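As structure tokens, the structure follows; a few thoughts come after it.
Numbering (UniProt numbering), first residue to last: 1 to 159.
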């Protein structure tokens with residue numbers, strides 16, 4: 001079957017030539033193509049990252065995306081060098097990188113300031129509304145819901 005004989009016995013030259021079926025290579029190639037076809041039907045195409053893209057980095061094949069980083073360069077077709085926030089340069093496969101959309105720092109700082117200002121205003125408005133509001137005494141008369149069900153207040157809480 002194509003193995004080299006390790007014997008000292010005399011052998012004719014015809015027995016040293018292995019006899020393999022002529023279409024084995026074709027069959028193997030066809031099997032390989034079929035396997036590739038079925039694999040590619042469900043394989044996910046990974047997008048290409050450009051140097052400067054902001055990404056999240058997955059550590060230790062866990063489903064959690066931990067560090068933020070920036071793509072420095074593409075090393076191989078699926079491998080990238082990434083500089084993380086703490087200054088470390090990591091080499092990661094594309095499947096361990098998640099591209100994120102990040103706004104410029106100036107606009108985020110302005111938005112934070114505006115959000116804090118609005119939160120302060122709302123808090124002040126809520127406080128003034130609470131002070132201005134007088135407690136209402138409600139009778140134990142029930143109200144109706146949208147569906148028509150009557151809601152009855154408990155007797156023990158009627159003031």
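Cβ atoms here follow ideal geometry from the backbone N, Cα and C, with glycine treated the same way. What you are looking at is a predicted structure, and each value in this text was computed from that prediction instead of being measured.
Check	Outcome
Unbroken alpha helix (DSSP H) run spanning residue 48, endpoints	Looking at the DSSP string, residue 48 is not in any alpha helix (DSSP H), and its letter there is neither H nor E.
Contact the segment 80-91 vs the segment 34-45: 3+ CB pairs below 8 Å	no
Enclosing beta strand (DSSP E) for residue 70 [first to last residue]	65-76
N-terminal and C-terminal residue of the alpha helix (DSSP H) that residue 33 is part of	24-42
Nearest neighbour of residue 51, chosen from 34, 33, 72 [CA to CA]	72
CB contact flag (residue 149, residue 98, <7 Å)	no
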